[in-house]
Structures are given as C-alpha cells and as structure tokens.
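Let me begin by presenting the structure, written as structure tokens, before commenting on it.
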Amino acid sequence: RYQNRKEAVEFYRLNGVKETLEAALNEMFQLRPGDVNGYLAEYFLKLSTPPRISRLRGSKIYDARGQPSIQADVFCTICNLEKSTSSASVSSCLPPEGMSLYQDRTHHVTTAAQWINEDLSDELKDQDPCDQSEVDRRLSNFFKARLQEDKDIQEMEKQRSLTSTKQE
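Letter 130 of the sequence shown, counting from 1, is numbered 130 in the UniProt record's numbering, and no numbers are missing.
Right, here's the structure in full:
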C-alpha cells in the first residue's frame with residue numbers, strides 16, 4: 001500500500017497533475033461558471049492529446065445489387081477511448097456480367113480488405129487524422145509500391161513465358 005502511494009505521488013509529479021489542477025481550479029474560481037463540471041470537462045479537453053488513428057477495418061459488404069463491395073472504417077483514439085470516426089464504402093458502377101467478373105470482383109474486395117486490415121492499418125497507425133496531406137502521401141506511397149510489385153510480377157511471368165516458349 002505504501003509503495004502504491006509512493007508510485008502515485010511520483011506519477012502525479014512527473015505529469016504535472018498538481019500544477020494543472022491548481023491552474024484549473026484557480027481559473028474556474030475567477031470565472032465562477034454556472035456548470036462547474038462542464039467547465040472542467042472543457043478545460044481538460046483542451047489539454048488532452050490530439051486524436052490519432054488507432055486502426056483501420058476493412059470489411060466485405062454487399063451493395064444494393066448484391067455485389068461484393070468494400071467498406072473501410074477509421075478508428076481513432078480520442079481522450080483515451082477508441083472511437084469509430086468515419087466509414088466509407090465503395091461499390092462498383094459496372095453491371096454484373098457473369099461468374100468470372102463476380103469472382104474477380106470478390107478477389108479484389110478480399111484483397112482490399114486484407115490491405116486495409118493489415119498494411120494500411122499499420123501504415124496509418126498513430127497518424128493525425130486531420131493531416132490529410134500526410135495521410136495522402138502515405139497512401140500514395142503504399143499504392144505506388146503495390147503497382148510496382150504488380151509490374152515486377154507481370155515482367156517475371158512474361159520472362160518465364162518467353163523462356164519456356166524458346167525451350168520448346
């Protein structure tokens with residue numbers, strides 16, 4: 001119990017809790033607001049850490065035509081609580097044209113959900129959700145890298161195809 005009290009005192013000292021509380025109480029006394037708790041809530045809200053992206057969640061959903069689509073949810077840590085701050089879904093404008101297209105679309109949606117849940121979630125973790133240019137830069141770099149990977153795979157397949165054709 002004594003050790004716990006000692007740790008609490010050190011924690012409060014390191015975080016300036018005593019000084020912050022004194023400042024809040026002194027300012028509140030001078031202003032004498034009608035809603036004391038509301039005043040304190042606003043006072044401490046101004047001191048809290050700005051929101052940060054905590055994770056993304058990608059989900060396979062179905063659009064109004066029953067076609068697989070992707071939904072992305074952004075979660076942010078706000079005042080020490082994780083909250084869903086935005087959600088967007090994308091549906092294809094193309095009409096369904098057979099099983100092959102449906103399978104391709106399902107594969108693309110599954111890949112998008114995987115990227116959102118893993119790589120993109122890691123890439124955007126702890127970013128300021130209001131810093132759109134930084135988020136855009138990171139997303140752009142991610143997609144450029146995926147495009148380059150795709151080009152490299154296509155080039156390797158082309159080389160293999162040429163090599164196997166020459167051997168025959």
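Glycine included, every Cβ here is placed at the ideal spot set by N, Cα and C.
When the Cα atoms are used, what is the spatial distance from residue i to residue j?
i, j, result
"Leu51", "Thr20", "With the sequence shown as reference, residue 51 is identified as Pro, and Leu is not the correct amino acid for it. Looking at the two C-alpha atoms, the distance is approximately 21 Å."
"Leu147", "Asn117", "19 Å"
"Lys151", "Arg137", "21 Å"
"Tyr2", "Asp122", "41 Å"
"Ala8", "Tyr62", "51 Å"
"Asn15", "Ile70", "43 Å"
"Ile133", "Leu139", "The question names Ile, yet the displayed sequence has Ser at residue 133. Approximately 10 Å, taken between the alpha carbons."
"Glu22", "Val135", "38 Å"
"Gln154", "Leu124", "29 Å"
"Glu10", "Lys83", "31 Å"
"Gln114", "Asp35", "47 Å"
"Ser161", "Tyr102", "28 Å"
From the DSSP output, in three-state form, read off residue i for me.
i, result
"Lys6", "helix"
"Gly58", "strand"
"Gly16", "coil"
"Arg1", "coil"
"Ser161", "helix"
"Gly34", "coil"
Which whole-angstrom value describes the C-beta separation of residue i and residue j, a residue pair presumed to lie in contact below a C-beta threshold of 8 Å?
i, j, result
"Phe143", "Asp119", "In fact, because the Cβ distance is near 11 Å, the residues do not count as touching under 8 Å."
"Ala112", "Ala88", "12 Å between Cβ atoms; not a contact."
"Val90", "Lys60", "About 12 Å separates the two Cβ atoms, so there is no contact after all."
Less than 8 Å between the C-beta atoms of residue i and residue j, yes or no?
i, j, result
"Met28", "Tyr39", "yes"
"Phe75", "Arg55", "yes"
"Ile78", "Gln127", "no"
"Tyr43", "Ala24", "yes"
"Pro129", "Thr163", "no"
Which residue spans inside the UniProt domain "Enolase N-terminal" (53 to 147) form an unbroken alpha helix (DSSP H) run of at least 4? 99 to 115, 121 to 124
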